[in-house]
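K.L.:
Here our numbering is used: the first residue of the sequence shown is 10, the next is one more, and so on. In this text, a Cβ means the ideal position worked out from N, Cα and C, and glycines have one as well. Being a predicted model, the structure only gives us computed values, none of them experimental. Before we start, here is the structure in question, set down as structure tokens.
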Amino acid sequence: MRMRTCLNGLSAALFALALIMLALPATAQVQRIRGTIASIDGNTLTVNTREGSQAKITLADSWTVSALKKVDMSAIAPGTYVGIASAPMAGGGLRAVEVLLFPESARGSGEGHYAWDLAPGDMMTNATITAVVNKSDGHSVNLKYKDGNVDILLPEGIPLVTPTGADRSDAKPGAALIIFATKQADGTLTAARFTVEKDGVKPPM
């Protein structure tokens with residue numbers, strides 16, 4: 010029983026880490042790669058990237074996967090900790106592109122408001138919702154983070170997702186994924202976990 014509890018705790022920790030990585034800025038040593046799985050041969054993952062090239066990543070022997078599921082707008086409420094990718098609007102302000110609802114265990118992960126790489130000018134805001142206001146074109150949320158706050162418009166129909174379980178069988182050719190790969194001194198890429206498409210829900214981040 011103690012061993013099972015430890016394993017469950019480890020799985021939860023790895024899952025939370027994979028989720029946190031979704032909404033953190035990449036660094037020079039860590040590359041955020043989006044695309045679809047071309048193949049997994051042993052511990053070699055080949056990804057058809059969104060840029061049109063292929064990337065080969067060496068996976069750890071114990072590699073794991075996580076996934077996301079859709080949630081309803083009713084989940085967007087004051088007190089919820091979220092990661093929102095947003096784009097600038099022509100008339101000023103920010104419009105959400107996608108929203109990730111963090112579980113309570115991941116509250117505070119990557120907190121802040123910083124540049125994102127979905128498209129030029131995009132931002133990522135990891136923060137707590139303090140208010141939700143109905144608008145004719147969606148909902149406006151006020152987000153409070155450690156250095157300030159910001160209002161972001163959530164248009165109708167944007168992806169709203171939260172974590173769900175997954176296993177290696179979900180990592181199949183053609184499935185969309187996002188992976189944080191570490192670039193080694195010899196130029197090779199390695200990783201221990203990634204987030205994969207499941208039940209038709211693609212990682213939107």
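1. Name the two residues that bound the continuous beta strand (DSSP E) containing F203.
2. Would you list the residues sitting across from V106 in a DSSP beta bridge?
3. Between T171 and K65, is the Cβ-Cβ spacing less than 9 Å?
4. Go through its chain and collect everything with a Cβ distance to L162's Cβ below 6 Å, but skip five positions before and after it.
5. When burial is assigned at 16 or more other CB atoms within 10 Å of the CB, is D176 buried or exposed?
6. How would you write the range of the beta strand (DSSP E) that G121 sits in, first residue to last?
7. Tell me whether R177 sits in a helix, a strand or coil according to DSSP, three-state version.
8. Taking all protein chains shown into account, do 16 or more other C-beta atoms lie within 10 angstroms of the C-beta of N52, making it buried, or fewer, making it exposed?
9. So, is S75 buried or exposed, given that buried needs 16 or more other C-beta atoms within 10 angstroms?
10. Going straight from the alpha carbon of A25 to that of G102, what length do you get?
11. What residue range is occupied by the uninterrupted beta strand (DSSP E) comprising N143?
12. Along the beta strand (DSSP E) that carries F189, what are the first and last residues, could you check?
P.N.:
With the given structure in hand:
1. Within the sequence shown, numbered from 1, the residue matching residue 203 stands at position 194. Where F203 is concerned, the enclosing beta strand (DSSP E) stretches over 198-205.
2. Indexing the sequence shown from 1 puts residue 106 at position 97. The partner list for V106 (beta bridge, DSSP) is empty, contrary to what the question assumes.
3. Taking the sequence shown and counting its residues from 1, the one referred to as residue 171 is at position 162. Taking the sequence shown and counting its residues from 1, the one referred to as residue 65 is at position 56. The Cβ-Cβ distance between T171 and K65 does not fall below 9 Å.
4. In the sequence shown, the residue the question calls residue 162 occupies position 153. Taken in chain order, the residues that qualify are R104, G147, S149.
5. Working through the sequence shown from its first residue, we reach residue 176 at position 167. With fewer than 16 other beta carbons inside 10 angstroms of its own, D176 counts as exposed.
6. Translated into positions along the sequence shown, residue 121 becomes position 112. Residues 121-124.
7. For the purposes of this step, residue 177 is taken as residue 168 along the sequence shown, with counting starting at 1. In the structure shown, R177 sits in a helix (DSSP, three-state: H, G or I).
8. Position 43 of the sequence shown, counted from the start, is the residue given in the question as residue 52. Result: exposed.
9. Taking the first residue of the sequence shown as 1, we reach residue 75 at position 66. By the 10 Å Cβ count, S75 comes out buried.
10. Position 16 of the sequence shown holds residue 25. Position 93 of the sequence shown holds residue 102. Its pLDDT being 45, under 50, A25 is placed unreliably by the model, and nothing is read from it.
11. Residue 143 sits at position 134 when you count from the first residue of the sequence shown. In the DSSP assignment, N143 falls within the beta strand (DSSP E) that extends over 132-144.
12. As a working note, residue 189 is residue 180 in the sequence shown. 185-192 is the extent of the beta strand (DSSP E) around F189.
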